[in-house]
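Here you go:
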């Protein structure tokens with residue numbers, strides 16, 4: 066079953082460019098290598114908000130796949146941790162309205 070999550074991050078002031086670069090070059094490819102699909106990502110103009118949509122439809126639950134991603138040697142090896150740019154993280158599971 067395909068599960069979709071909306072992720073909203075508040076990025077520390079002055080760090081958006083660094084965050085986006087690390088997310089694009091390190092986080093996104095690693096997520097995709099672990100079976101996630103990035104449906105899109107946006108920066109809210111005039112704010113410190115970064116929004117992205119991620120989906121998973123592999124075996125097991127989204128939560129299991131997410132835990133495996135964070136526990137993977139590749140994610141653990143991300144140093145410095147890209148999350149250092151974030152001051153708030155909000156996530157919600159969403160479903161498509163047709």
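Numbering (the working numbering), first residue to last: 66 to 163. Beta carbons: idealized from backbone N, C-alpha and C, even for Gly.
Buried versus exposed, by CB contacts within 10 Å (16 or more), residue 87: buried
To the nearest angstrom, report how far apart residue 99 and residue 79 are at their CA atoms. 30 Å
Just to confirm, are residue 71 and residue 117 a CB contact at a threshold of 9 Å? A contact, by the Cβ cut-off of 9 Å.
Does DSSP classify residue 114 as helix, strand or coil? strand
Per-residue DSSP class, three states only, for residue 71: Strand at residue 71.
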